[in-house]
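Residue numbers (the working numbering), protein chains in the order written: chain A, 1 to 122; chain B, 1 to 122. Where a beta carbon is used, it is the ideal one built from N, C-alpha and C, also for glycine. Please read the structure below before turning to the comments.
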DNA sequence: ACATTGTGCATGCACGATATACACGCGGTG
DNA sequence: CACCGCGTGTATATCGTGCATGCACAATGT
């Protein structure tokens with residue numbers, strides 16, 4: 001459970017949890033077959049309600065990254081290295097499309113965007 | 001008033017209006033000194049409430065892109081070409097920072113991001 | 001049975017979106 | 001010059017939706 005929750009962020013808490021665990025799974029930091037912490041324990045660690053954790057877990061299950069067994073726990077879906085890369089790119093591309101739409105609405109061309117990226121990406 | 005509102009978008013309506021007008025001003029499509037449509041007229045055209053338009057106008061004023069005169073109307077702030085470019089980059093960079101944080105959370109390096117960008121940016 | 005796990009329901013609160021009534025500014029008219 | 005009407009932005013009260021929560025219920029395994 002290496003999660004950082006920002007109370008100042010405009011994103012809902014359950015989505016912050018979802019995104020960070022999602023990233024950790026797709027980076028291979030959380031191995032398939034192992035289980036996630038019980039929602040109660042996670043709730044205590046993260047200082048949030050059980051239900052907030054559950055909503056994050058539900059999103060993860062909807063994305064096919066974990067599966068739930070009532071009474072037992074939640075387990076990480078086993079993925080091959082190729083599948084992880086594939087899902088990671090899918091996820092990033094989906095977000096990137098709307099990001100690009102925003103940049104383009106300001107009339108920026110591809111090379112301008114790349115130039116700005118280089119100045120910010122440390 | 002060349003605005004497109006998406007009801008399926010997760011973004012609030014007033015923010016969609018704000019972003020699009022903001023972009024049009026900073027691209028020079030809306031010249032300084034000219035006035036924006038009255039909020040009532042804009043509300044009819046955009047099929048939204050007066051107050052929703054007002055909230056968008058307030059955001060524009062807070063960003064220094066327009067100024068309001070009670071009883072007269074709302075007018076676009078006069079900006080030099082350099083100021084427009086500057087503000088445009090400021091705006092885009094602010095958004096780009098959080099975009100990059102997202103990409104990096106998935107472990108992507110700068111060159112991978114650029115490669116993905118090239119495949120999507122048509 | 002009991003302890004541990006996930007699930008479902010009812011509540012409080014913040015925010016987006018709305019309609020209606022109010023205040024300010026300008027210009028025509030007596 | 002005063003007044004009133006029209007067009008402008010402004011403020012108040014209300015409704016619906018979604019985030020976040022606590023508490024009680026169901027399922028699993030020892």
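**Item:** Bridge-paired residues (DSSP) for residue 21 of chain A
**Value:** The partner list for residue 21 of chain A (beta bridge, DSSP) is empty, contrary to what the question assumes.
**Asked** Closest Cβ-Cβ distance between residue 94 of chain A and chain B: below 7 Å?
**Response** no
**Prompt:** Which whole runs of the alpha helix (DSSP H) in the segment 33–103 of chain B are 4 residues long or more, in chain order?
**Reply:** 39–46 and 50–62
**Request:** Just the chain A side, please: which residues come within less than 7 Å of residue 27 of chain B by C-beta, in chain order?
**Result:** 106 and 107
**CA-to-CA distance, residue 113 of chain A to residue 16 of chain A, given in whole angstroms** = 26 Å
**Item:** Local Cβ density within 10 Å of residue 24 of chain B, reported as buried at 16 or more and exposed below that
**Value:** buried
**Request:** Starting from residue 88 of chain A, find everything on chain B with Cβ-Cβ shorter than 9 Å and list it in chain order.
**Result:** 106, 107 and 108
**Request:** Look at residue 68 of chain A and residue 61 of chain A and say whether their C-beta atoms are less than 7 Å apart.
**Result:** yes
**Request:** For the alpha helix (DSSP H) containing residue 115 of chain B, list its first residue and its last residue.
**Result:** 110–120
**Asked** Any Cβ of chain A within less than 7 Å of the Cβ of residue 48 of chain B?
**Response** no
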